[in-house]
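Worksheet for the structure shown next.
Number of protein chains: 2
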Amino acid sequence: METFLKNTVPVMEFKPFRETIYEYLRQQILSGNLRAGILFSDGEIAELFKTSRTPVREAVQKLEAEGLVERLPMKGNIVKGLSPVEIAHIYSIRKALESLAIRYATLRITPEELDTMKAILDGVDTLLALEDTDNLAEKLLQPAGEFNNVLFNACRVPKLIQMVWQHRELLDRYRTMRIVISKQLGERFVTRRRVYRAFLEKDMEKAVAAWEEHLETSFRIWLESSGLDAEKARGEYL
Amino acid sequence: METFLKNTVPVMEFKPFRETIYEYLRQQILSGNLRAGILFSDGEIAELFKTSRTPVREAVQKLEAEGLVERLPMKGNIVKGLSPVEIAHIYSIRKALESLAIRYATLRITPEELDTMKAILDGVDTLLALEDTDNLAEKLLQPAGEFNNVLFNACRVPKLIQMVWQHRELLDRYRTMRIVISKQLGERFVTRRRVYRAFLEKDMEKAVAAWEEHLETSFRIWLESSGLDAEKARGEYL
DNA sequence: AAGTGGTCTAGACCACTGT
DNA sequence: CAGTGGTCTAGACCACTTC
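Protein chains in written order, with our numbering: chain A, 1409 to 1646; chain B, 1409 to 1646.
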């Protein structure tokens, strides 16, 4: 019967244009390719994709809802920038959300997930032992991301996972953040090891404490890397 | 000069149809008029407003982003319901966000705002003294809302304020929540008085503690009002 | 006055549903 | 296989900006 093919071949999903456009713009912004302050119009993007403006509008509205783009009346769309004060606020919100995620994760993480974490941490150790300092930062970025993935997924609260990543993305796209990350290089995996150990011991408060210190350090380094302009944001982090 | 009128009369803002439609649907959902599980199609709403489907689509997409509506492929739009487990999760997220807001507010609330709070609390006291128990719940709803408004605004973190209200709305639309509120009648203003006093003393931890207890009580009452079906959500609240 | 942005309309087209 | 939902197109229209 000819239904065989139809049923076994993976469904060729039709991806709406707005999705493609959304992902493209989002990727451009998060990669830092489209920097904060850059203006673009719906028509411009529509032309780029050889489509009409409706799907572009919808993609941009979604980005607006996520806080990555601002729609200025009669000006166009602008890649949204964050003031130092807003960055401090986002750090605080991240602390609140990620602490909660870690509390859940302490209770719910599986032995398999703990093994994965250990594997990632050991991998990093051998990498560090090589003393091959050529773009070390780049090389550590991937295991750090994988670790975080396991970590936050372990909380088993879909809504919370989504909120956590959304707020991390708001900050990660900044050039300054890459400086912060490279300055925190070693420390980042010390923290992750502490979290891992706390998970082993099922010690919620220890895990949270490690993570909060990590965020605190990250904020402090960002503050120091950002010069006097950012000083007024110091008191905005709680 | 004829620019006088043009410059002094408030600008007659053109409100996009999608805004009107969005606000209408949102209000219908939050008021409980459109209950969870109800299906509706874009075309249906377009007809209701005598417009085309495009603005309706955009309004519905916004509601989807906020989690009030789900778009089921080839079925239509459905008013999204929350499982007991999801409700527990939202309570936890609320605790994280609202605690942070209260921490900020403790530091930043102005004497004027404290006066407003006191006025609201005193108003409630005289209301309670009357012992006029006719739909007392209804009458206390408004001052409670006003108090919360002052409270959360005092944190001065726009993003946080928006997140707090968004998550409160996710729960408030449920019928069960009204039962919870009426069962908590007296206790609600006891809590608010505690928060107010903590603000006077600039005691952050006391304010947070009061609020967290309040949320905890609210969750417990909801659990008890919701029968056996909700029991599995007990361990989901952190 | 010309140009651009923002919104909406009307309708085409295809995929999927259900009888 | 008719019906409905989901998406996109092409273009109209008006408000605002800019020259």
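C-beta: ideal position from N, C-alpha, C; glycine also.
Chain A has no Cβ within less than 8 Å of the Cβ of glutamine 1574 of chain B. Taking 8 Å as the cut-off, the Cβ atoms of leucine 1471 of chain B and arginine 1434 of chain B count as close. Against chain B, the CB of histidine 1497 of chain A has a partner CB under 8 Å away; the residue lies at that interface. For isoleucine 1501 of chain A, the nearest beta carbon of chain B is closer than 8 Å to its own beta carbon.
Here alanine 1617 of chain A is actually not in contact with leucine 1559 of chain A; their C-beta atoms are around 15 Å apart, not less than 8 Å.
The beta carbon of histidine 1497 of chain B sits closer than 7 Å to those of Glu1644, all from its chain and outside the five residues before and after it, given in chain order. Taking a beta-carbon distance threshold of 8 Å, glutamate 1466 of chain B counts as an interface residue toward chain A. Proximity to glutamine 1436 of chain A across A/Thr1459, A/Pro1424, A/Val1477, A/Ser1460 peaks at A/Val1477, based on C-alpha coordinates.
In the DSSP annotation of this structure, leucine 1480 of chain B is not part of any alpha helix (DSSP H); the continuous beta strand (DSSP E) holding it starts and ends at 1477-1480.
With fewer than 16 other Cβ atoms inside 10 Å of its own Cβ, glutamine 1574 of chain A counts as exposed. Between glutamate 1546 of chain B and the set B/Gln1592, B/Glu1632, B/Glu1521, B/Leu1442, the nearest pair of CA atoms involves B/Gln1592. Where valine 1487 of chain A is concerned, the enclosing beta strand (DSSP E) starts and stops at 1484-1487. Three or more beta-carbon pairs separated by less than 8 Å are not found between the region 1582-1591 of chain A and the region 1601-1621 of chain A, which leaves the two stretches without contact. Within chain A, Leu1646 have C-beta atoms less than 7 Å from the C-beta of tyrosine 1512 of chain B, given in sequence order.
Here phenylalanine 1448 of chain A carries a strand assignment [DSSP, helix/strand/coil]. For chain B, the residues of the region 1565-1590 of chain A that bring a beta carbon within less than 9 Å of one of its beta carbons are Val1565, Pro1566, Lys1567, Leu1568, Met1571, in chain order. From the beta-carbon of alanine 1504 of chain A, the residues of chain B found nearer than 8 Å are Ala1504, Leu1505, Ser1507, Leu1508. Counting every other CB atom within 10 Å of its CB across the protein chains shown gives valine 1487 of chain B a total of 16 or more, marking it as buried. Contact of lysine 1470 of chain B with chain A by beta-carbon distance below 8 Å involves Gln1469, Ala1473. Rounded to whole angstroms, the Cβ separation of leucine 1646 of chain B and serine 1500 of chain B is 5 Å, and the two are in contact under 8 Å.
Between tyrosine 1432 of chain B and threonine 1462 of chain B, the alpha-carbon positions lie close to 16 Å from each other.
Residue burial annotation: threonine 1599 of chain A is buried, with at least 16 other C-beta atoms found within 10 angstroms of its C-beta. The contact set of threonine 1462 of chain A on chain B, defined by CB atoms closer than 8 Å, consists of Thr1462 in chain order. In this structure, the straight-line span from the alpha carbon of alanine 1562 of chain B to that of isoleucine 1569 of chain B is close to 9 Å.
Apart from the 5 residues on each side of it in sequence, lysine 1640 of chain A has no Cβ closer than 6 Å to any other Cβ in its chain. C-alpha of valine 1532 of chain A to C-alpha of proline 1424 of chain A: approximately 40 Å in a straight line. The C-beta of glutamate 1452 of chain A has fewer than 16 other C-beta atoms within 10 Å across all chains shown, which makes the residue exposed.
Under the DSSP assignment, phenylalanine 1560 of chain A falls in the alpha helix (DSSP H) whose first and last residues are 1544-1561. Note on glutamine 1550 of chain A: under 16 other CB atoms within 10 angstroms of its CB, so exposed under the neighbour-count rule. Straight across, the Cα-Cα distance linking arginine 1642 of chain B with arginine 1628 of chain B is about 8 Å. For glycine 1489 of chain A, same chain residues with a beta-carbon under 6 Å away, outside a window of 5 residues either side, are Ala1444, Gly1445 in chain order.
When the alpha-carbon of alanine 1509 of chain A is set against those of A/Val1464, A/Asn1556, A/Ser1491, the nearest one is in A/Asn1556. The beta carbon of proline 1492 of chain A is closer than 7 Å to those of Ser1634, Asp1637, Ala1638, Lys1640, Ala1641 in its chain, skipping five residues each way along the sequence. The Cβ-Cβ distance between alanine 1606 of chain A and leucine 1505 of chain B does not fall below 8 Å.
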